[in-house]
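Right, one structure below, let's go through it.
In our numbering, the protein residues as written are 68 to 412.
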């Protein structure tokens, strides 16, 4: 393991940080409290671009979709996909909202259990070699043996501190036919096998000081962060007077999940509600009792409408679902500081 450390200077500021040769520029900055902009952390969104003024770097993924040919011509790089090869001078605009609330740590971990949730969604739980503190709704990067690059998976636990001898860290992952990461988890990883986990990351974490009822909207493996937010809500004394509305959007009834995880939360019957919305069933076909038919953003609009502006809103799921929800919330004039999601592709 290369223990070389380089200095990275932010041009035009008095800020600098150290970057280990085996770390990325983005994650090294976040470990030292630098408010470096980012979202997906895996090369897709492009939010962690910086301009290289001086020095040499190495791109882990030269063709990452978050970087255009024009960016490359302008000496822009992705912080999440770049390693320093010497001292650097870079230019970027920091933002306070990106300052980490928990210091990200890299640790080895081992799989201790897995369980099936639906036909293509399972939960994987890991014990960590080092403690990790996180907030409900955040995610971590998991590096699997034989897979190029880490995968971003959201925790399903309530936030808190996960120690080497305490609670396992759990991720709910959907198996994708062409997904190298998910296939490694489902088909190759066995109890006792090791991975590297790096986290926490993400800005869509539970705001315990928000004086509003909560709406969580999930689809697919977006279940994990929304379950985490729900669990964190019901564990928080600050939110004891808040109701939580949970909506799960799915293609087919067989894809619906999550209600059993919520029903066991203390006080759920008094403060919580759950609704499944199914979009892929023919209009004439029957649905299980209690299910709604249609697209989840349409259902949310029909049921909550103008009340959305009075809620704290969290969502996670497929890109199209997220885009449709965001468009709805803008149309309903929901203040964006009440809307929380991490951008994944």
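Every residue gets a Cβ at the ideal spot worked out from N, C-alpha and C, and that includes glycine.
Computed from a predicted structure; not experimentally measured.
Taking a C-beta distance under 8 Å as the contact criterion, residue 176 and residue 262 qualify as a contact pair.
The three-state reading of DSSP puts residue 373 in helix, counting H, G and I together. For the 8 Å CB-CB criterion, residue 207 and residue 220 form a contact. Sixteen is the threshold: since fewer than 16 other Cβ atoms of the shown chains lie within 10 Å of the Cβ of residue 373, the residue is exposed. If you ignore the 5 residues before and after residue 286, its C-beta comes within less than 8 Å of the C-beta of 315, 316, 317, 363, 383, 384, 385 and 388, all in its own chain and listed in chain order. Taken atom to atom, the span from the alpha-carbon of residue 159 to that of residue 403 is near 23 Å. Here residue 300 carries a helix assignment [DSSP, helix/strand/coil]. According to DSSP, residue pairing for residue 359 in a beta bridge involves 344.
DSSP, reduced to helix, strand and coil, places residue 125 within a strand of the structure shown. Here residue 335 has 301 and 329 as same chain residues with Cβ atoms under 8 Å from its own Cβ, once five neighbours each way along the sequence are excluded. According to DSSP, residue pairing for residue 284 in a beta bridge involves 314 and 382.
The beta-bridge partner set that DSSP reports for residue 407 consists of 381.
The stretch 128-135 makes no contact with the stretch 157-174, as fewer than three CB pairs between them are under 8 Å. In the DSSP assignment, residue 119 forms a beta bridge with 157.
Contact check between the stretch 251-258 and the stretch 176-193: three or more CB pairs, one atom from each, fall below 8 Å, which counts as touching. Close CB contacts of residue 115 within its chain, under the 7 Å cut and outside five residues either way in sequence, are with 93, 103, 104, 105, 145, 146 and 147 (chain order).
Of the candidates 400, 238, 303 and 74, 238 places its Cα closest to the Cα of residue 184. Residue ranges of uninterrupted alpha helix (DSSP H) with 4 or more members, entirely inside the stretch 81-107 and ordered along the chain, are 92-98. Here residue 407 is buried. Its C-beta has 16 or more other C-beta atoms within 10 Å.
Secondary structure at residue 132: coil, using DSSP grouped into helix, strand and coil. Excluding sequence positions up to five before and after residue 157, its CB lies within less than 7 Å of the CB of 75, 77, 78, 117, 118, 119 and 120, all in the same chain and listed in chain order.
Residue 175: not part of any alpha helix (DSSP H); member of the beta strand (DSSP E) spanning 172-183, first to last residue. Sixteen is the threshold: when 16 or more other Cβ atoms of the shown chains lie within 10 Å of the Cβ of residue 312, as they do, the residue is buried.
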